[in-house]
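Here's the structure we're looking at; comments come further down.
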Amino acid sequence: PMELILATTTSTRDTGLLDVLLPMFQEKTGYNVKTIAVGTGAALALGEKGEADVLLCHAPASEMKLVESGDVINRQLVMHNDFVIVGSPEDPAGVKGFKSATDALKKIADSEAVFVSRADDSGTHKKEKEVWNKLQFQPSGNAWYLEAGTGMANTLNIANEKLAYCLTDRGTYLSMKDRLDLVVLVEGDAILLNIYHVMQVNPEKHKVVEGPGGEAFVEFMVSEEVQAIISEFGIDKYGSPLFFPDAGKSMEELGG
Amino acid sequence: MDLIAEGITEAFRLLLKGDREVLRIAFLTLRVSGLATIISAAIGVPLGTALSLWSHRGRRRIAGFVNTGMGLPPVVVGLWVSIFLWRTGPLGFLRLMYTPTAMVIAQTVIALPIVTGFTMAGVGQLDPGIRLQMLSLGASSWQLLRILIREARLSVLAAVMAGFGRVVAEVGASMMVGGNLLGQTRVLTTATSMEVSKGNFGFAIALSIVLVGITYIINASLTRIQQQG
Amino acid sequence: MDLIAEGITEAFRLLLKGDREVLRIAFLTLRVSGLATIISAAIGVPLGTALSLWSHRGRRRIAGFVNTGMGLPPVVVGLWVSIFLWRTGPLGFLRLMYTPTAMVIAQTVIALPIVTGFTMAGVGQLDPGIRLQMLSLGASSWQLLRILIREARLSVLAAVMAGFGRVVAEVGASMMVGGNLLGQTRVLTTATSMEVSKGNFGFAIALSIVLVGITYIINASLTRIQQQG
Amino acid sequence: MTARQAIIELKGVKLKRGSRITLDVPDFEICPGENVAVIGANGAGKSTLLQVIACLLHPGEGQVFAGGRHVGKEISAIEARRRMAMVLQRPYLLDATVFDNVAIGLRMRHVPKKEVQVRVDEALALFGIGHLAKRHGRSLSGGESQRVSLARAMVLRPELLLLDEPMSSLDVPTRMALLAELERIIKRTRVTTVFVTHDVTEIPFLADRTVIMAGGKIIADGPVRDVLRQDLRGALSQLAGAANWLLQESGEG
Amino acid sequence: MTARQAIIELKGVKLKRGSRITLDVPDFEICPGENVAVIGANGAGKSTLLQVIACLLHPGEGQVFAGGRHVGKEISAIEARRRMAMVLQRPYLLDATVFDNVAIGLRMRHVPKKEVQVRVDEALALFGIGHLAKRHGRSLSGGESQRVSLARAMVLRPELLLLDEPMSSLDVPTRMALLAELERIIKRTRVTTVFVTHDVTEIPFLADRTVIMAGGKIIADGPVRDVLRQDLRGALSQLAGAANWLLQESGEG
Ligand SMILES: Nc1ncnc2c1ncn2[C@@H]1O[C@H](COP(=O)(O)OP(=O)(O)OP(=O)(O)O)[C@@H](O)[C@H]1O
Ligand SMILES: Nc1ncnc2c1ncn2[C@@H]1O[C@H](COP(=O)(O)OP(=O)(O)OP(=O)(O)O)[C@@H](O)[C@H]1O
Ligand SMILES: [Mg+2]
Ligand SMILES: [Mg+2]
């Protein structure tokens, strides 16, 4: 069978959404999709090197660089969920209920409360950096700012252990909630949206890249059928959907 | 501690129920690591024996390299193997990346120095008189090799078991070159590490119990041969 | 292949420039894995020797367990150690999670069966006459142990090197119980694996070259002792 | 009892190997000052007997008493062993220098360093291997190894010396010299000895009591002359015959 | 030359161990049918000489010729070795049954299974160890091991048989029987032999030529009687003296 390599992030894979979608895609198009779940940076790098045919990522700024360099084409908005700031119920910095993520991080920095960062160039980490940048504050090097350099689940564990604050995607937090003491403190700010794009690697840059298959996959992800599935996914398990379908919308509409 | 109880219950449930996916994953684990172990034993045991007989000065240097090879990080091996096997790499045309074959290759690279190094140490510890006596009875080089391996079988089998243990337990390389593809290259370690990254610790423990169980069965049978005197 | 060239150049640049962060990480790697190796050698070498002398029927079973332990997946060890060390775990009050001490504990658990298993095989391969002769000269149990270890030093040192190689190269457990915290628990393997996940393959190769270099230096000195006859 | 407390006593000792009984000694004792030769065919159980005496092999059945005390109960095997020294049939030298090989027993007993030096040098000289002191134990010739093995036991000045075919690889002059020397040492120090040999010509020098073994059992035990009479005549006359032949031939030539 | 092509010839052989020369043989040859005894003090280089002849030790200097062909150049060491069989001074038995230990050389030569069975059984019987066939090589007594080691070499029916102190651990009756048997085999098969011994009484049975070594050199070489005359008289008369003493004493008692 024809083969298509999809490079995506571990957090995407971990939700299980792809396990539902990919068999459908194979049935429709005959492509056997190999999902390589790696860090966001690695996923983008694999695309840039021509080692993948399509990418599904959540780091818009980095993705735009590849679009500009022509390494990827046909980039389309697929869905979003959101990031939240979690922390111990005691909330030593007192950020509970803040509407603005920026204000919350500032308060945390000012009170030098322990904050655990993924610090691994993942989509989540890039989002966190975006907020710090808005504050024009460089947290790295402070004793209260722990740089974990590891996956989301492990980072949450560290935060739980240190009773620290942490920026996390809601999906991972929900799946681990039962065994964490951490609670959601800040949510709903537009900047905290976690936006997923699908894009195909430019077949003109590398001979080996599977062009038609990539195109088909992008089409598939933004198709109505798939978008409907996305809107339902996770309700049975968590009581609320894990993602919100966004095909056809623009970034401005999402407020990101 | 609840996690442990949960994991153990889950492990039994999986095994008793004969969960098809878990069985398939366990079977692939055995196939990939077993094959890698067999290949490294086929190369490493004679090689280690030959090296231990080699009285040249270069031996110490080579021993140093082999012993360093015992400490090759799986992620690194995975990365190097990837560089060769990637579609755009020198062996890309073979299209081996993200297949069980690629995993066998990476695991062989990991197990080979372990098997070689320990065979070298074990055979090197034999009384040199055995070598002289066998040669004096007319042993050819290959016959000598076979005899010495048999005499040092306690160490040689430990070497093979360590090689198997190493590759069946490693995750970095399998993840890199296999990609943890469901139904294709997912093995017990990559599955465990995925469950850990999902935060499903209970299920991860269940998988790890299955893995350790398999290792125990294999190594207990090898130990049986080893300790048979 | 460019990646390899890039990695090698980068490795030399890091070392020559004496990049402070990399040096600190390398030093922590040595400290953690070195300590874990020393502890497992201190326990595993005498234990393995004692087991190999033990003629009880239970030995084969224990040998089977030890040999299985050689194949414990680091992620699994990391997970189990975590369960004990987590704040809510039975040893949580010690507050060891995400400290180098936790990493030493996990790595010791990984190295111990390897050191024990190979010492057992190596000492078990000695001529039993040595044991009788030493006892007849009045050796106490401890003196006998010391003498046998010295006689089997080829295997025993290989065992220690394999233990060191295993823990210095493993990433699963260190990542889990250490957390790869910058400046606190980041070691070369966790850093390498982080760079791989970031897609910085060149830098990852550079780090891995540093790691393999360190392993080579340590193991070459141990090999020197080992091959000294 | 107190006057001649046996140094070693075996009572009802039976030792099985697999399903075969390789040693069956209902009652056997060695008294202080005795010098016992053990002879018998290959596989008769001589080495096994010595190893049981040396508390190296634990018999499945029966008891061993050292100085009247039950080994393993009233006295530990290690303590019992420290009063003896044994030369095994096959010399097992450690992977160390000859000096260290000979010194090992003294070091086990925490003898002061200076004394070790003196006593080891003495022992090396006695066996004519002083020049080998710095050589490596594993690089010696057969006879050299055997001398080291002897030196290693003698240097301990034990109460009881157990020698398992200690001179089988020695050259004739050395053997002659050593026989005389051992005879002298035995007379002077009144050390108790048990030695195994196939060379009956050694017996008159070293033994006052002879034990003959066969099939794991002691079939004769008593003063040298009584025991050897029948058993040896045949073999000895052959040996003597060969020797005479040589002497005559060479006298002739 | 063609008439009596030497089976083995050493030319200008010098062998160093560390900085010491342990073998220095400018010229030495063994012709077909010769039976050579090698004697000398411990450490004289006897075993070393045998190992060089057996192509087990490669001398740093000089050449070894097997059947006139330069070993290592015109004939491989393995090929040369397959014409000989050696009994090392110390018997190294494999961790396998006695049968397998004796069969190993035949199996190396791909002798058919049935023939192996027959020849091994024969050899075991010859050395009186048929009952040990299924026993484990490492569980034998010293003398039993030595017999297995002898059987293992003899079963190969080599052109050249190298024996390094082959009877040092055998009991007297076995040794006597074996001496006679070996003498018979040598006469019948005209096998060439080189054997090392410290027991000069064996020489008249097995040798027609004697070599005396000292300090790595051959210091005498010739027919048995000529060579032994001086060297042995002293030692032999002592031995014979001891034997006579015993016989007399026992005759008296
Ligand atoms: N581990 C073992 N398993 C079975 N049989 C054994 C074992 N060790 C020794 N034997 C047997 O016990 C018997 C006595 O052995 P022992 O070594 O005492 O003989 P020995 O009288 O010293 O003979 P030798 O003169 O050959 O040294 C022998 O037949 C030997 O094969
Ligand atoms: N590996 C070695 N390194 C140094 N010296 C060695 C080595 N092997 C043997 N020798 C020495 O070479 C000399 C000759 O040894 P060889 O074994 O030939 O003696 P031998 O005549 O057989 O003596 P023995 O009667 O004791 O068996 C001895 O002095 C021995 O110590
Ligand atoms: Mg014996
Ligand atoms: Mg010799």
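Residue numbers (our numbering), protein chains in the order written: chain A, 1 to 256; chain B, 1001 to 1229; chain C, 2001 to 2229; chain D, 3001 to 3253; chain E, 4001 to 4253. Positions of the beta carbon are idealized from the N, C-alpha and C atoms, including for glycine.
Do the CB positions of residue i and residue j come within less than 8 Å of each other?
{"i": "residue 3036 (chain D)", "j": "residue 3211 (chain D)", "result": "yes"}
{"i": "residue 3147 (chain D)", "j": "residue 3128 (chain D)", "result": "yes"}
{"i": "residue 1074 (chain B)", "j": "residue 1170 (chain B)", "result": "yes"}
{"i": "residue 1076 (chain B)", "j": "residue 2197 (chain C)", "result": "no"}
{"i": "residue 195 (chain A)", "j": "residue 125 (chain A)", "result": "no"}
{"i": "residue 3222 (chain D)", "j": "residue 3044 (chain D)", "result": "no"}
{"i": "residue 192 (chain A)", "j": "residue 83 (chain A)", "result": "yes"}
{"i": "residue 273 (chain A)", "j": "residue 72 (chain A)", "result": "What is shown of chain A runs 1 to 256, which leaves residue 273 (chain A) out entirely."}
{"i": "residue 121 (chain A)", "j": "residue 40 (chain A)", "result": "yes"}
{"i": "residue 3007 (chain D)", "j": "residue 3032 (chain D)", "result": "yes"}
{"i": "residue 3050 (chain D)", "j": "residue 3086 (chain D)", "result": "yes"}
{"i": "residue 1124 (chain B)", "j": "residue 2154 (chain C)", "result": "yes"}
{"i": "residue 3088 (chain D)", "j": "residue 3156 (chain D)", "result": "no"}
Within 10 Å of its beta-carbon, does residue i have 16 or more other beta-carbons around it, so buried, or fewer, so exposed?
{"i": "residue 289 (chain A)", "result": "There is no way to answer for residue 289 (chain A), as the model of chain A reaches only from 1 to 256."}
{"i": "residue 207 (chain A)", "result": "exposed"}
{"i": "residue 250 (chain A)", "result": "exposed"}
{"i": "residue 2020 (chain C)", "result": "exposed"}
{"i": "residue 4164 (chain E)", "result": "buried"}
{"i": "residue 2080 (chain C)", "result": "buried"}
{"i": "residue 3113 (chain D)", "result": "exposed"}
{"i": "residue 2118 (chain C)", "result": "buried"}
Return the chain-ordered list of same chain residues with a C-beta closer than 7 Å to the C-beta of residue i, the five sequence neighbours on each side being excluded.
{"i": "residue 2181 (chain C)", "result": "2098"}
{"i": "residue 2212 (chain C)", "result": "none"}
{"i": "residue 1237 (chain B)", "result": "Outside the displayed range of chain B (1001 to 1229) lies residue 1237 (chain B), so it cannot be described from this structure."}
{"i": "residue 3189 (chain D)", "result": "none"}
How far does the alpha helix (DSSP H) with residue i in it reach, from first residue to last?
{"i": "residue 3972 (chain E)", "result": "Nothing in the structure corresponds to residue 3972 (chain E), since chain E is present only between 4001 and 4253."}
{"i": "residue 3198 (chain D)", "result": "Looking at the DSSP string, residue 3198 (chain D) is not in any alpha helix (DSSP H), and its letter there is neither H nor E."}
{"i": "residue 4171 (chain E)", "result": "Here residue 4171 (chain E) belongs to no alpha helix (DSSP H), and DSSP marks it neither H nor E."}
{"i": "residue 3161 (chain D)", "result": "Segment 3160-3164 is the beta strand (DSSP E) holding residue 3161 (chain D); no alpha helix (DSSP H) there."}
In terms of residue numbering, what span does the beta strand (DSSP E) encompassing residue i cover?
{"i": "residue 146 (chain A)", "result": "145-147"}
{"i": "residue 4124 (chain E)", "result": "That residue, residue 4124 (chain E), is in no beta strand (DSSP E); its alpha helix (DSSP H) goes 4113-4126."}
{"i": "residue 167 (chain A)", "result": "165-169"}
{"i": "residue 4044 (chain E)", "result": "Run containing residue 4044 (chain E): none; DSSP gives neither H nor E here."}
{"i": "residue 1055 (chain B)", "result": "First-last for residue 1055 (chain B): undefined, no H or E at that position."}
{"i": "residue 81 (chain A)", "result": "72-87"}
{"i": "residue 37 (chain A)", "result": "32-38"}
Using C-beta distances below 8 Å, list every residue in its chain close to residue i, excluding the 5 sequence neighbours before and after it, in chain order.
{"i": "residue 2190 (chain C)", "result": "2171, 2174, 2175, 2178, 2180"}
{"i": "residue 2165 (chain C)", "result": "2215, 2219"}
{"i": "residue 1203 (chain B)", "result": "1007, 1010, 1195"}
{"i": "residue 3203 (chain D)", "result": "3037, 3039, 3197, 3210, 3224, 3228"}
{"i": "residue 205 (chain A)", "result": "50, 70, 71"}
{"i": "residue 2051 (chain C)", "result": "2059, 2062, 2063, 2066, 2116, 2120"}
Ignore the nearest five residues each way along the sequence and tell me which others in residue i's own chain have a CB closer than 6 Å to its CB.
{"i": "residue 2091 (chain C)", "result": "2084, 2085"}
{"i": "residue 1035 (chain B)", "result": "1104"}
{"i": "residue 1222 (chain B)", "result": "1157, 1161"}
{"i": "residue 4068 (chain E)", "result": "4005"}
{"i": "residue 256 (chain A)", "result": "Its pLDDT being 49, under 50, residue 256 (chain A) is placed unreliably in this model, and the coordinates cannot settle the point."}
{"i": "residue 1163 (chain B)", "result": "1037, 1040, 1111, 1114, 1115"}
Give me the chain H residues within the contact set of residue i, using Cβ-Cβ distance strictly less than 7 Å, ordered along the chain.
{"i": "residue 2196 (chain C)", "result": "The chain labelled as chain H is not found among the protein chains of the depicted structure, namely A, B, C, D and E."}
TODO: Pull every residue with its beta-carbon under 7 Å away from any heavy atom of ligand 3, and keep them in chain order.
DONE: D:3046, D:3047, D:3089, D:3164, D:3165, D:3196, E:4141, E:4142, E:4143
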